[in-house]
Structures are given as C-alpha cells and as structure tokens.
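Protein chains in written order, with my numbering: chain A, 1 to 267; chain B, 1 to 313.
What follows is the structure, encoded as structure tokens:
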C-alpha cells in the first residue's frame with residue numbers, strides 16, 4: 001500500500017510583516033508546491049516553543065512549483081504565531097501538508113468572484129493565481145478592519161482582477177463591510193464565488209447569496225488539534241442528504257459548499 | 001551480548017513492542033494507516049465505541065494549555081455495530097493486536113457491547129473506558145467509585161472471554177482503591193491515567209475556552225501525575241499496567257516502565273508528530289543496549305528508592 005508522506009521540512013526564504021498584524025512567510029521545498037491545490041492548508045510546528053504542543057494550521061496563499069516555493073499569510077493572534085514572527089531566512093520549518101480539500105476550480109470557471117475578509121484573503125491569492133490566464137473574469141472583493149490591516153490588494157490587481165476594498169472605518173477604500181458591496185455586484189453574471197473570512201462575514205454573504213445561482217465555495221477556519229482527521233476537534237455542522245452531520249474542517253473541509261454549512265452553529 | 005528485545009506480553013497479548021495508542025487519540029486506525037503500517041505499534045487501541053451512535057460535544061472542543069491540551073470532544077461514535085462493519089475490517093488488515101475501548105452511558109451498556117464484540121474475530125482485548133470525564137451521564141465518571149468500577153468489570157467479564165483492561169481515571173482521591181477493586185473483580189490489566197479534569201478561560205471574552213466548560217488535560221503537563229499513579233498502582237496490584245499520560249519521547253516511555261508499566265500508551269504526541277512512535281522505539285532500544293539490559297521486563301518497576309518503600313500509598 002502506498003503511504004503518503006505529509007512531512008515536510010521547508011526552508012524560510014522570507015518572513016515579512018505586510019500590515020499591522022499579518023506576516024507573509026515564503027518557504028522553499030520541492031514536493032509541497034507541486035501537489036498543493038488552492039484552499040489546502042499546512043500545519044506548522046512551533047519548534048522554538050516546547051510548551052506549545054499543537055501545530056498551527058494555515059492555508060497556502062500561493063504556490064510556485066517552478067521555484068519550489070510556497071507562501072502562507074499568518075495573523076499574529078497568540079503565542080504560536082508570535083513565535084513564528086521570529087523565523088528568519090535560512091531557518092527550517094517542520095510542517096505537515098498539503099492537508100484538506102481544496103477549492104474546486106474547473107477549467108472554464110467563467111466569471112468568478114473572490115470574497116475575502118481579513119486573513120481570509122490569503123487562500124484567495126491561490127485561487128486568483130489558478131484562474132489567471134484561463135480567460136475567466138475575476139472580481140476580488142476584500143474587506144478589512146481599517147487601513148493598517150489592508151494587504152494583498154496589489155496581488156489581485158496583478159492578476160487582472162477588478163478589485164474592491166472596504167474598511168469598516170472607511171480609513172481606506174470604501175467605508176463599510178465588504179458584504180454591502182457584494183450586493184451591488186450580484187446584478188452581474190457571476191458563475192462561481194470563492195469565499196474565506198470571519199463568521200459574521202460568512203453569515204452576511206450567505207443571506208445575500210441565498211438566491212444566487214452561482215456556485216459558492218467557502219474555506220472555513222477552525223481550531224484544530226491534529227489537522228489530519230484523527231482528533232475530531234474541528235467539526236462543523238453540515239447538511240447532507242436531508243440530515244445534519246458533523247464533518248471535520250481539516251479532512252472533509254476546509255472547503256465546503258456555502259449552502260451546506262450551518263453557520264448558526266459555532267464555526 | 002544479546003541484542004535487546006522489545007517484545008512485550010500484556011495479559012495474553014503478544015506485542016512486538018511496548019507502545020500502544022492511547023484510546024481517543026488514534027480513531028479507528030484509518031488516519032494513521034495513511035502514513036505507515038499500523039504494526040508500528042505494539043497494539044492499537046481504538047477510540048471508545050458506544051452501543052449507539054452519538055454526536056459528541058459542541059465546538060470549541062480543544063484548547064492548548066502550557067505543555068498540555070484540554071479537550072472535550074465528547075467521544076463521537078457511530079455505535080458498536082457500525083464499528084464492526086466499518087472499523088474492524090480495516091484494522092484486521094494489519095498485523096497489529098487490536099484493543100477495543102468501550103464506553104457507556106449506563107452500567108448495562110458495557111456488558112452489552114462486550115457481548116457483541118465477543119463474537120468478532122480480530123480483537124485481542126477490551127479496554128473499559130470507565131474513566132472518561134466528559135460523559136454527560138451523572139457528570140462524574142463510573143471509574144471514580146471502586147464498587148461501580150468493580151461491578152462493571154465483573155459484568156463484562158461474564159459477557160466475554162476477551163482479556164479486560166480497566167482504564168483508570170486520575171480524578172479520584174485514591175487510585176489504588178479503584179485498582180484493587182477492578183483486580184479483585186477479574187480485570188486482566190489496568191491502564192492509567194486518563195485525562196485530568198480541567199478548565200480554561202479566555203480573559204478577553206470571559207468565556208470558557210471549551211464549549212463544554214470542563215475538559216480533560218493531556219500532554220507532558222500531566223506526566224508526573226501519571227508516573228506517580230503508575231508507581232502507586234504497581235505497588236498495589238499484581239496485574240500488568242499500561243502507563244499513559246504525557247509520553248512525548250523515549251525517555252518518558254522508559255520512565256513509565258521504571259515506575260512499573262509493562263506497556264506504554266502514546267496519545268497527544270501523535271497529534272503533533274504521527275511518526276514519533278518510531279523515535280520512541282529506537283530510543284528505548286538504545287537505552288536497553290547502552291545500559292546492558294535484554295528486556296524491558298528487567299527494568300520494570302526498578303526505580304531506585306533512597307530508602308525501602310514504607311507506604312506506597
């Protein structure tokens with residue numbers, strides 16, 4: 001039987017702060033960039049802190065197989081991510097990946113809308129990268145708290161996406177939530193929507209998109225133990241054949257169809 | 001000199017090595033079998049099987065603490081019949097002894113599940129999860145009461161010919177009392193410890209970090225508690241012990257053997273590094289080699305005390 005080896009020791013190429021609380025970690029390794037799909041994630045071990053037992057999961061933001069490189073964007077939220085800011089070029093990172101399901105991106109994806117909030121913008125980079133050059137039209141809609149939290153806008157523009165940015169306080173781009181802008185563009189013909197962001201954004205998007213015929217896929221964030229399916233910590237309620245069942249964000253997800261997940265449950 | 005031999009005998013189970021999976025941390029083998037052949041383990045203990053299907057607890061189910069993990073997963077289970085149809089056939093493909101952990105919401109559940117499992121091939125032993133602190137029934141666990149623990153063992157014993165391992169909870173005043181009761185009622189081995197009850201609060205939101213409020217603590221934070229209790233139980237009963245609690249390295253595993261364990265359970269460590277079992281075994285082998293011992297049996301319970309043990313309790 002063929003055994004998958006998810007182990008990976010990647011070399012840090014770059015670890016730079018890109019806005020007030022987000023870092024862009026560029027890593028070098030041969031295998032992972034060749035096999036990773038947009039929406040999949042890696043689980044990083046915090047080598048410098050023995051007291052932090054669990055790995056930290058991050059969606060892969062970009063893969064560059066030709067350069068043997070991939071990137072993750074992380075937000076500093078606790079001890080683990082704070083320790084990650086200390087990583088320097090040349091350091092080795094122990095990670096498992098790629099994990100989970102990715103976004104379904106068919107060859108002729110049509111008109112695509114990429115809807116991201118905060119750190120959720122990161123996996124959409126990979127979606128834009130995949131769609132680029134396929135003839136699909138892209139709209140990127142990105143929501144942030146304020147100007148100092150904005151990142152990645154230039155990446156979407158670089159892929160030719162029509163890009164809209166909102167900030168809650170209006171300190172950059174359009175004032176308000178990104179979901180308010182979403183309503184405005186839904187009069188256009190949209191075939192597919194790729195979503196990642198905080199739960200309130202998902203809830204707002206879900207009610208706006210309820211009647212939409214577009215295929216909506218969402219990548220969920222969850223508190224994980226193992227990241228490979230065994231600990232059953234990261235479950236979410238999912239509609240399946242008329243029933244509601246618990247599925248693992250790390251294994252059956254992190255990408256789900258928006259209409260299948262129950263957002264009233266904690267996600 | 002002879003090469004060290006890690007072969008282990010545990011209540012009639014012949015194991016290639018002393019490392020077993022700690023129940024609840026390794027599912028039914030499917031996940032780890034993606035990475036390597038399950039025969040890497042001396043025995044494979046599955047996640048507790050209930051009589052009927054159950055969902056488990058709401059999320060968040062896990063919170064990291066200093067050198068530990070607090071969890072309240074709630075043991076989702078598809079029930080024993082589903083396990084026999086779906087889980088057991090997969091496990092039978094591997095040359096690894098299978099220990100089926102069973103749990104119940106009432107005392108009657110235990111003998112019922114055991115009787116169903118008794119008819120199946122490919123099971124080496126039954127572990128009685130009388131210690132999980134997360135079960136709703138009564139809040140407190142069966143395993144906190146020596147009389148109830150003994151009664152469950154006795155009833156399961158009459159329902160199956162399979163060897164029984166009673167898994168003990170550390171959330172008691174005197175674990176030796178429970179150990180003595182399960183031994184007297186026919187347990188073939190004991191495994192200890194299960195997780196230690198705990199709670200954590202997010203000071204920003206002022207909410208408990210777990211949806212279930214309380215959880216069970218595992219990981220290196222609890223190892224000294226496990227070592228102490230294994231040593232106490234080793235000095236109380238004569239049935240073999242599976243030492244569990246915070247084993248991350250081969251040194252930890254050796255420590256459990258020195259405290260009196262025959263086999264050693266690994267759980268939380270597998271979440272971080274599924275391949276850690278190979279490092280642990282390599283290290284144990286080298287330790288025996290360097291210290292000039294042939295078998296783990298030679299060092300079992302051989303902690304050197306400054307003075308003779310006066311009162312093990």
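Quick reminder that beta carbons are idealized off the backbone N, C-alpha and C, glycines included. Predicted, not measured: the structure shown is a model, and the values here were computed from it.
With the rule of 3 Cβ pairs closer than 8 Å, the region 95-105 of chain B counts as touching the region 47-59 of chain B. Classified as buried, residue 182 of chain B has 16 or more neighbouring CB atoms from the shown chains inside 10 Å of its CB. Residue 225 of chain B places its beta carbon 8 Å or farther from that of residue 243 of chain B. In this structure, the straight-line span from the alpha carbon of residue 230 of chain B to that of residue 124 of chain B is close to 23 Å. Around the beta carbon of residue 248 of chain B, a 10 Å sphere encloses 16 or more other beta carbons of the protein chains shown; the residue is thus reported as buried. With its beta carbon less than 8 Å from one in chain A, residue 60 of chain B belongs to the interface.
Under the DSSP assignment, residue 254 of chain B falls in the alpha helix (DSSP H) whose first and last residues are 250-259. At a cut-off of 8 Å between beta-carbon atoms, residue 21 of chain A makes no contact with chain B. In the three-state scheme derived from DSSP, where H, G and I count as helix and E and B as strand, residue 188 of chain A is classed as coil.
By the CB criterion at 8 Å, residue 255 of chain A and residue 247 of chain A fall outside the cutoff.
Separation of residue 44 of chain A and residue 155 of chain B (C-alpha to C-alpha, rounded to the nearest whole angstrom) is 46 Å. A distance below 8 Å separates the beta carbons of residue 197 of chain A and residue 120 of chain A.
By the Cβ-count criterion, residue 23 of chain A is buried, with 16 or more other Cβ atoms from all chains shown falling within 10 Å of its own Cβ. Restricted to the region 189-243 of chain A, the beta strand (DSSP E) segments that are unbroken, complete and at least 3 residues in length are 192-196, 215-219, 235-240, listed in chain order. Counting C-beta pairs closer than 8 Å gives three or more between the region 116-131 of chain B and the region 144-160 of chain B, which meets the contact rule. In the DSSP assignment, no residue is bridged to residue 81 of chain A. In terms of Cβ geometry, residue 170 of chain B and residue 152 of chain B do not form a close pair [threshold 8 Å]. In this structure, residue 153 of chain A places its C-beta atom within 8 Å of the C-beta atom of residue 163 of chain A. According to the DSSP secondary-structure assignment, residue 247 of chain A is paired through a beta bridge with A:236.
DSSP places residue 64 of chain A in the uninterrupted beta strand (DSSP E) bounded by 56-64. The C-beta of residue 95 of chain B comes no closer than 8 Å to any C-beta of chain A.
For the region 6-36 of chain B, the set of positions with a beta-carbon nearer than 9 Å to some beta-carbon of chain A reads 24, 25, 26, 27, 30, 31, 32, 33, 34, 35, 36 in chain order.
Beta-bridge analysis with DSSP links residue 23 of chain A to A:17, A:74. DSSP assignment within the region 191-219 of chain B yields no whole alpha helix (DSSP H) run of 4 residues or more.
In this chain, residue 95 of chain A is not harboured by any alpha helix (DSSP H); it is covered by the beta strand (DSSP E) spanning 92-99. For residue 149 of chain B, the enclosing alpha helix (DSSP H) begins and ends at 146-157. From the listed residues A:52, A:39, A:259, the smallest Cα separation to residue 78 of chain A is found for A:52.
In the DSSP assignment, residue 52 of chain A falls outside any beta strand (DSSP E), carrying neither H nor E. If the five residues before and after residue 8 of chain B are omitted, its C-beta is found closer than 7 Å to the C-beta atoms of 15, 17, 18, 42, 262, 263, 296, all from its own chain and listed in chain order. Note that the C-beta distance between residue 123 of chain A and residue 59 of chain A is below 8 Å.
With fewer than 16 neighbouring CB atoms inside 10 Å of its own CB, residue 201 of chain B falls in the exposed class. Per DSSP, residue 6 of chain A is not a residue of any alpha helix (DSSP H), being assigned neither H nor E. In this structure, the beta-carbon distance from residue 140 of chain A to residue 151 of chain A does not fall below 8 Å.
Residue 114 of chain B: member of the alpha helix (DSSP H) spanning 109-118, first to last residue. Contact check for residue 54 of chain A against residue 176 of chain A fails: the beta carbons are separated by 8 Å or more.
DSSP places residue 176 of chain B in the uninterrupted alpha helix (DSSP H) bounded by 175-184.
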